[in-house]
Ligand code: SF4
Ligand code: SF4
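In our numbering, the protein residues as written are 68 to 304.
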């Protein structure tokens, strides 16, 4: 079986709904600036997504209730663990076929100053042709909007890559309007602009830290995920 198909089948068998391969050449400069020169060894990326359960995402307007916040938090944690397991399997498969790989964990803030990981999962998913980036800075899939969590495996394996999708948000700004601490500016995604032009992440963190004072150990909001009409229309599960 062709390597890309083999990897895709493995990912789906382990619970993934989305799988694609990205050519990173167009974003090389930004990638090296974010993660470091060592990422130069990886011209492509596998992007893998698991759908979040609609039942709990639909309840996020009640995120200030402990039972909802804790259930969503547990789902988030479990999905991240599943993603990392899939990525580990794909990474090992690439190595077995003689290629380099680097697993970028589903949820890891390696850069605590700028509050981000060494590589953007959304960028990989976008370049793999799995969705576009909305004004909420989330990856929006045509199938279920932002109701997806992502993981990435960087590699040098030669594989057919996807083509980025064009932005399908239109005039909608529901995610921007729904954010309790007004963390979004409303600007559309533009790869040449820094994240700060669209998203004041500190406002999001401060708001969720405030919620944690009422529900210890849990910092859940997710309104920007809940309201997206693309996710609401086309349910994941
Ligand atoms: S999780 Fe909540 S606070 Fe954070 S950006 Fe989304 S809507 Fe705003
Ligand atoms: S809520 Fe609207 S603007 Fe925000 S990502 Fe979804 S479609 Fe795009």
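Beta carbons: idealized from backbone N, C-alpha and C, even for Gly.
Counting only runs of 3 or more residues that sit fully inside the stretch 137-196, the beta strand (DSSP E) segments are 168-171, in chain order.
A straight-line Cα-Cα distance of about 12 Å links residue 194 and residue 208.
With 16 or more neighbouring CB atoms inside 10 Å of its own CB, residue 293 falls in the buried class. Apart from sequence neighbours up to five positions away, the residues of its chain that approach residue 266 with a beta-carbon distance below 8 Å are 203, 204, 250, 251 and 252, ordered along the chain. The beta carbons of residue 161 and residue 233 sit no closer together than 7 Å.
Relative to the non-hydrogen atoms of ligand 2, the Cβ of residue 240 comes within a distance shorter than 6 Å of at least one. Just so you know, the alpha carbons of residue 264 and residue 68 end up roughly 44 Å apart.
For ligand 2, no non-hydrogen atom lies closer than 6 Å to the CB of residue 288. At the C-beta level, residue 197 and residue 157 stay beyond 7 Å of one another.
By the Cβ-count criterion, residue 261 is exposed, with fewer than 16 other Cβ atoms from all chains shown falling within 10 Å of its own Cβ. Rounded to whole angstroms, residue 213 and residue 192 show a C-alpha spacing of 12 Å. Taking 6 Å as the cut-off, the C-beta of residue 246 counts as close to a heavy atom of ligand 1. For residue 211, the distance from the CB to the nearest heavy atom of ligand 2 is not below 6 Å.
For the pair residue 72 and residue 164, the Cα-to-Cα distance works out to about 14 Å. Across the structure, residue 245 and residue 147 are spaced so that their CA atoms are roughly 25 Å apart. A direct Cα-to-Cα measurement between residue 215 and residue 84 gives close to 9 Å. Of the candidates 256, 119 and 285, the residue whose Cα lies closest to the Cα of residue 189 is 256. Judged by DSSP in its simplified three-state form, residue 88 adopts strand.
Buried is the label assigned to residue 219, since at least 16 other Cβ atoms lie within 10 Å of its Cβ. Of the candidates 239, 281 and 149, 149 places its Cα closest to the Cα of residue 118. Pairing residue 229 with residue 87 gives a Cβ-Cβ distance under 7 Å.
Sequence-distant Cβ neighbours of residue 155 in its own chain, meaning closer than 7 Å and more than five residues away, are 170. Judged by DSSP in its simplified three-state form, residue 109 adopts coil rather than helix or strand.
The DSSP-derived three-state label of residue 220 is strand. For the pair residue 239 and residue 183, the Cα-to-Cα distance works out to about 26 Å.
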